[in-house]
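Residue numbers (this note's numbering): 14 to 75. We treat Cβ as the ideally placed atom computed from N, Cα and C, and that holds for glycine. What follows is a single structure, written as structure tokens, with notes after it.
So this is what it looks like as structure tokens:
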């Protein structure tokens, strides 16, 4: 998390249904987050790559 806080643009920009979110890789896991304002981030989800993008979409579309 320190890496994301020090440089919020470090993660990969997501596209399509998850546009506006970013993904940061930690081994097999992904941290999905957004940066609403300068100096802060919102963690949306953390989980294994295999499931995290589908789960994040379910959370975001509500």
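Whether residue i touches residue j by CB criterion (8 Å)
| i | j | result |
| --- | --- | --- |
| residue 59 | residue 42 | yes |
| residue 31 | residue 70 | yes |
| residue 36 | residue 25 | yes |
Segment limits, alpha helix (DSSP H) that includes residue i
| i | result |
| --- | --- |
| residue 19 | 15-19 |
| residue 62 | 62-73 |
Inter-residue Cα distance where the pair is residue i and residue j
| i | j | result |
| --- | --- | --- |
| residue 21 | residue 33 | 13 Å |
| residue 68 | residue 28 | 15 Å |
| residue 40 | residue 50 | 27 Å |
| residue 44 | residue 61 | 9 Å |
Buried or exposed (CB count within 10 angstroms, at least 16 for buried), residue i
| i | result |
| --- | --- |
| residue 38 | exposed |
| residue 56 | exposed |
Where the beta strand (DSSP E) through residue i begins and ends
| i | result |
| --- | --- |
| residue 23 | That residue, residue 23, is in no beta strand (DSSP E); it is neither H nor E in DSSP. |
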